[in-house]
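Visitor: Protein chains in written order, with the numbering used here: chain E, 38 to 290; chain F, 63 to 223.
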């Protein structure tokens, strides 16, 4: 079969591409072997166990969220948050950022969601533990508690569910703290976590990459400050309705 | 282990950023066209904020997020049906609500042309709304179309009555 110069060029280019791709794969393979590295699992487990053992703590967070427009353009949104936790049954979570301020309060009996600027709140009865409350909020009302799942005592099991690969990338410094950088893969999601080195293996940053959405948008949270010896007052976990606040319904999902 | 939910339940949500735009005022100063498109996109699936949430994303409700009545009326049938179902639940919640809704259903006959369908959910009110209290519940009267504020998940929305 006769080949034209154009065909030969195409073939040459293809070979080039194949070689380049193989080279890339080879590098990637060195950095990322199949399976979950035991050290990665151990570091994650140490972190989730450590946090589960903390009876009270606060965390200041900074969040970025990417949204992909129909055109494919990515837009990033930013917010900051303050989380207050007292096991087994108290939570306050505040966030403020692009266009909304929202507070989530759980006092062991009810959970309240409110937006001070909009002067509205919704309140529903809640179960007696943080874990049960977070389940209810998510499953019945589609409300995702800020800082929610990390609070679960079995956060490790939740995170590792479906994970096919995991590795220790190396050291990194997040907010001034030396961390171990871990990367995991599960169906449709890549996620990374940076865990503080030393006696307090706290998570300092998490990035979640969604692979089955166009342009793989990311969610990222950095803990700018942990406090494991906070002082809470009577108001921390109490919702006080201001006179001009209106109660609205929390729609079941 | 105190969790009772399925193992596929969401993991690792440290902070929920979801729809910051839900509270956007109708006269939002910056790039409203862009914001409208963002509304539309976030109403489709959101960027998950949890690891397992990626798998669960498809169960998230569709938010009909439009700012003009015409656009809202053109919202997908599926979304409208979902919202109508949600509204039906609300309607059965209290007798007060039933009577208020009945009043509004009567009023619906004289609904302005192009008004959004009852049960539609919007993330911002049209311009020129006035609060009106009926049966102890505050509604927003926007040119004859009544809206009621509610949280849908973490988002402040307005349900067309």
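From the three backbone atoms N, C-alpha and C, an ideal C-beta is built for every residue, glycine too.
Measuring straight from C-alpha to C-alpha, what distance separates residue 371/E and residue 141/E?
Guide: Since the first residue shown for chain E is 38 and the last is 290, residue 371/E is missing from the structure and cannot be characterised.
Visitor: Please return the same chain residues whose Cβ sits closer than 6 angstroms to the Cβ of residue 287/E, not counting the five positions on each side in sequence.
Guide: Cβ within range, chain order: 159, 161, 178.
Visitor: Since residue 227/E sits in a beta bridge, which residues does DSSP pair it with?
Guide: In DSSP, residue 227/E forms a bridge with 222/E, 246/E.
Visitor: Using a Cβ-Cβ cutoff of less than 6 angstroms, which residues in the same chain neighbour residue 238/E once the five nearest sequence positions on both sides are dropped?
Guide: Only 83, 84, 87, 232 meet the Cβ criterion.
Visitor: Taking all protein chains shown into account, do 16 or more other C-beta atoms lie within 10 angstroms of the C-beta of residue 201/E, making it buried, or fewer, making it exposed?
Guide: It counts as exposed.
Visitor: Extract the residue ranges of the alpha helix (DSSP H) inside the region 93-161 of chain E, only unbroken runs of 4 or more that lie entirely within it.
Guide: Whole alpha helix (DSSP H) segments, 4+ residues: zero.
Visitor: Just to check my reading of the structure: residue 181/E and residue 111/F have Cβ atoms closer than 8 angstroms, yes? What is that Cβ distance to the nearest angstrom?
Guide: Yes, they are in contact, since the Cβ atoms of residue 181/E and residue 111/F sit about 7 angstroms apart, within 8 angstroms.
Visitor: When you compare only the Cα positions, how much space is there between residue 73/F and residue 220/E?
Guide: Caution is warranted here: a pLDDT of 34 is assigned to residue 73/F, below 50, making its placement in the model unreliable, and no coordinate value can be reported.
Visitor: When you check each C-beta in the region 186-203 of chain F against every C-beta of chain E, which residues fall closer than 7 angstroms?
Guide: So the close ones are 200.
Visitor: Of all the options 274/E, 252/E, 156/E, 189/E, which has the alpha carbon lying nearest to the alpha carbon of residue 108/E?
Guide: Nearest option by C-alpha distance: 252/E.
Visitor: Alpha carbon to alpha carbon, how far is residue 199/F from residue 210/F? Give it in angstroms, no decimals.
Guide: Rounded to whole angstroms, residue 210/F to residue 199/F spans 8 angstroms at the Cα level.
Visitor: Quick one: does residue 290/E have its CB under 9 angstroms from some CB of chain F?
Guide: Yes, contact with chain F.
Visitor: Check residue 16/E in the structure and name its three-state DSSP category.
Guide: With chain E represented from 38 up to 290, any question about residue 16/E goes unanswered, as that position is not in the structure.
Visitor: Would you mind working out which of 118/E, 265/E, 101/E, 96/E sits nearest residue 236/E, comparing C-alpha positions?
Guide: When each option's Cα is compared against that of residue 236/E, the closest is 265/E.
Visitor: Does any C-beta atom of chain A lie closer than 9 angstroms to the C-beta of residue 157/E?
Guide: No chain A appears in the structure shown, which is made up of the protein chains E and F.
Visitor: Are the CB atoms of residue 116/E and residue 134/E within a distance shorter than 9 angstroms?
Guide: Yes.
Visitor: Is the beta carbon of residue 261/E less than 9 angstroms from the beta carbon of residue 97/E?
Guide: For residue 261/E and residue 97/E, yes; Cβs fall inside 9 angstroms.
Visitor: CA-CA distance, residue 206/E and residue 217/E?
Guide: One C-alpha to the other measures close to 8 angstroms.
Visitor: When you compare only the Cα positions, how much space is there between residue 212/E and residue 241/E?
Guide: Computed Cα separation, rounded: 8 angstroms.
Visitor: How many whole angstroms separate the CB atoms of residue 212/F and residue 285/E, which I take to be in contact at a CB cut-off of 8 angstroms?
Guide: 5 angstroms between Cβ atoms; contact.
Visitor: Using 9 angstroms as the threshold, is the C-beta distance between residue 95/E and residue 119/E below it?
Guide: Result yes, Cβ atoms of residue 95/E and residue 119/E sit closer than 9 angstroms.
Visitor: Taking the alpha-carbon positions, what's the residue 189/E to residue 249/E distance?
Guide: If I take the Cα positions, the gap works out to 27 angstroms.
Visitor: Excluding five sequence neighbours on each side, which residues of the same chain lie with their C-beta closer than 8 angstroms to the C-beta of residue 198/E?
Guide: If we look at residue 198/E and ignore the five residues flanking it on each side, its Cβ neighbours are 223.
Visitor: Do you know how far the Cα of residue 106/E is from the Cα of residue 112/E?
Guide: The alpha-carbon atoms of residue 112/E and residue 106/E are separated by roughly 7 angstroms.
Visitor: With burial defined as no fewer than 16 other Cβ atoms inside 10 Å of the residue's Cβ, what is the status of residue 275/E: buried or exposed?
Guide: Classification for residue 275/E: exposed.
Visitor: Taking Cβ-Cβ distances shorter than 9 angstroms, what residues in chain E pair up with residue 111/F?
Guide: Simply 100, 102, 181, 245, 256, 258.
Visitor: Starting from the C-beta of residue 255/E, find all residues in its chain whose C-beta is less than 7 angstroms away, skip the five residues before and the five after it, and write them out in chain order.
Guide: Cβ within range, chain order: 103, 244, 245, 246.
Visitor: In angstroms with no decimal places, state the Cα-to-Cα distance between residue 168/E and residue 183/F.
Guide: Taking the straight line from one Cα to the other gives about 30 angstroms.
Visitor: Do you know offhand how far residue 144/E's Cα is from residue 171/E's?
Guide: For residue 144/E and residue 171/E, the distance between alpha carbons rounds to 13 angstroms.
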